[in-house]
Amino acid sequence: MESPMPTYSDSAVDRSPLATDLFSPSCPVSFMTRRVLLIDDEISLRRVTQLTLEITAGWQVLAVGSGLEGLKQAEVERPDVILLDLMMPDMDGMVTLTLLRENPETRSIPVILLTAKVQTMDPLWLQQLGVVTVLTKPFEPVHLVEQIKAALGWA
536 MESPMPTYSD SAVDRSPLAT DLFSPSCPVS FMTRRVLLID DEISLRRVTQ LTLEITAGWQ
596 VLAVGSGLEG LKQAEVERPD VILLDLMMPD MDGMVTLTLL RENPETRSIP VILLTAKVQT
656 MDPLWLQQLG VVTVLTKPFE PVHLVEQIKA ALGWA
């Protein structure tokens, strides 16, 4: 014998002001989680960066250790931003960035470069490649979220 399907009355819906305000377009609280792809070959830096962004900002962070892994994940995951290390073995950050820009699926994803070397790079060239900013390593974890938000114009 089948059990009858449960029915829910309209009176069971929470219609308190707080419950309805949370889902209104004018609600100041945002439930949207930013998605970050971190591409860096240094395991300890990846872990610190990932934990900082997840704990401090509540962002979802996918961390990978190579440019090749990063290219695959960028196409599949379509993150809101990519944090990309410049100095990596096998495929460095500039090659990875060039390949990201050649792919129509990843071309428009903003990229923030991470580098341990202070290099003179042409700002116009970086802008044409979609580089939002360059952050120098080591960076202060307590300031990282604010630096990323400022660079991307995220409130």
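Sequential numbering of the sequence shown, starting at 536, is according to our numbering. Beta carbons: idealized from backbone N, C-alpha and C, even for Gly.
query = From this set, E577, V680, K684, A686, which residue's C-alpha is nearest T587's C-alpha?
reply = V680
query = On the three-pair Cβ rule with 8 angstroms, is the stretch 659–668 touching the stretch 644–651?
reply = A contact is defined here as three or more CB-CB pairs under 8 angstroms, and the stretch 659–668 meets this definition with respect to the stretch 644–651.
task = Please state whether DSSP places R570 in a helix, a strand or coil.
result = strand
query = Going by other Cβ atoms of all chains shown within 10 Å of its Cβ, with 16 needed for buried, is V611 buried or exposed?
reply = exposed
key: Own chain, CB closer than 8 angstroms to W689, minus 5 neighbours either side, in chain order   = Result list for W689: R569, I683, in chain order.
message = Suppose you measure from the CA of H678 to the CA of L687; what does that come to, to the nearest Å?
response = 14 angstroms
inquiry  = Whole angstroms are fine: how far does the CA of G602 sit from the CA of L634?
reply    = 9 angstroms
ask   = Does DSSP put T641 in a helix, a strand or coil?
value = coil
inquiry  = Rounding to the nearest angstrom, what Cα-Cα distance links L670 and T650 in this structure?
reply    = 6 angstroms
task = With a cut-off of 8 angstroms on the beta carbons, I'd call D620 and D576 a contact; round off their distance for me.
result = 6 angstroms
message = Buried or exposed for D662, going by 16 or more other Cβ atoms inside 10 Å?
response = Note on residue identity: the sequence assigns Gln, not Asp, to residue 662. Exposed.
inquiry  = Measuring straight from C-alpha to C-alpha, what distance separates G593 and P673?
reply    = 22 angstroms
ask   = For A690, which three-state DSSP category applies?
value = coil
inquiry  = Suppose the cutoff is 6 angstroms on Cβ atoms and the five residues either side in sequence are ignored; what does the same chain contact list for T641 look like?
reply    = Scanning its chain for C-beta atoms nearer than 6 angstroms, with the 5 sequence neighbours on each side dropped, one finds around T641 the residues A609, E610, L635, in chain order.
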